[in-house]
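J.:
Numbering (our numbering), first residue to last: 6 to 280.
#1: Looking at the strands, I want to know which residues DSSP matches up with residue 128.
#2: Output the boundary residues of the beta strand (DSSP E) element that contains residue 246.
#3: Quick one: which unbroken beta strand (DSSP E) runs of 3-plus residues sit fully inside the region 69-129? Chain order, please.
#4: The beta strand (DSSP E) with residue 150 in it runs from where to where?
#5: May I ask you to report which of helix, strand or coil DSSP gives residue 254?
#6: Hey, quick one: how far does the beta strand (DSSP E) through residue 189 stretch, first residue to last?
#7: Under a Cβ-count criterion, where at least 16 other Cβ atoms within 10 Å of its own Cβ denotes burial, should residue 227 be classed as buried or exposed?
#8: Count the other CB atoms, across all protein chains shown, that sit within 10 Å of the CB of residue 201; report buried if there are 16 or more and exposed otherwise.
#9: Can you tell me the Cα-Cα spacing of residue 165 and residue 133, whole angstroms?
#10: Between which two residues does the beta strand (DSSP E) carrying residue 222 extend?
#11: Is residue 2 helix, strand or coil by DSSP?
#12: Is it the case that the Cβ atoms of residue 234 and residue 215 are separated by a distance below 8 Å?
#13: Can you look up residue 263 in the DSSP assignment and give me helix, strand or coil?
#14: So, residue 241 versus residue 256, is the Cβ gap smaller than 8 Å?
#15: What is the DSSP secondary structure of residue 31, reduced to helix, strand or coil?
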């Protein structure tokens with residue numbers, strides 16, 4: 006047998022001889038390979054220079070506040086109930102004519118509301134009414150006679166208001182004001198010595214105003230927060246005193262504040278796209 010190195014040497018000679026004998030074929034192969042590389046490089050450069058396709062245009066979604074809505078609210082109330090010592094039917098006063106003292110009731114507020122909004126541009130006009138319980142309770146004794154007490158129990162309330170605001174897409178900033186009515190059960194009592202227990206004055210009407218913000222949530226739902234100030238004005242209350250035959254009067258003035266959060270469900274005004 007031939008040594009391995011001889012076989013390898015013989016192979017080299019055969020290969021190089023084939024290259025020399027077929028030089029034309031090798032040149033053609035090399036030329037074809039070079040052309041293929043150049044074509045591939047040119048295609049890659051052209052592809053790099055072409056602009057990329059822009060994504061499809063999606064118009065921004067604009068929230069429309071127009072429509073009818075209903076909802077519920079919870080919060081807190083606090084205020085002042087001021088009593089004034091007025092003259093009785095016999096011309097006398099209970100402690101001192103014109104003397105005033107004030108209770109500062111506070112408590113839970115809760116109820117429901119309904120309303121309607123109209124949107125024009127970014128201006129939103131609306132009307133809203135609500136009913137609920139204004140649970141402000143508190144008492145205070147007169148400084149000059151600590152057995153004479155003004156007391157507030159809290160009770161039913163209702164409002165009817167206008168709203169005017171600016172819409173920033175899904176956020177509405179607004180002011181509101183109108184009428185409020187309530188029966189807060191405010192009385193004056195003195196059960197030491199000559200006693201007097203007044204009526205509560207019944208249902209009172211006044212004004213209410215404030216402002217808030219409302220935020221669109223999921224689908225037709227929105228969440229609002231607002232602060233309101235109300236004034237139920239003055240009303241005179243009275244009770245039989247002095248063994249009968251005489252009615253003692255006191256003035257009652259009720260003012261207060263409500264801070265509340267609400268949840269609304271809106272039936273109109275779909276989202277619209279701006280093109």
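Ideal placement from N, C-alpha and C gives every residue a C-beta, glycine not left out.
Here the structure is a predicted model, which means the values were calculated and not measured.
T.: So, from the data block:
#1: 125 and 171
#2: 226-246
#3: 72-90, 105-108 and 111-125
#4: 150-157
#5: strand
#6: Note, residue 189: premise wrong, no beta strand (DSSP E); not H, not E.
#7: buried
#8: buried
#9: 6 Å
#10: Taken as a continuous stretch (DSSP letters only), residue 222 belongs to no beta strand (DSSP E), as it is neither H nor E.
#11: Because residue 2 is not part of the residues shown, which for the chain are 6 to 280, the question remains open.
#12: yes
#13: strand
#14: yes
#15: At residue 31 the pLDDT is 46, less than 50, meaning the model places this residue with poor confidence; the figure from the coordinates comes in the next sentence. If DSSP states are grouped into helix, strand and coil, residue 31 belongs with the helices.
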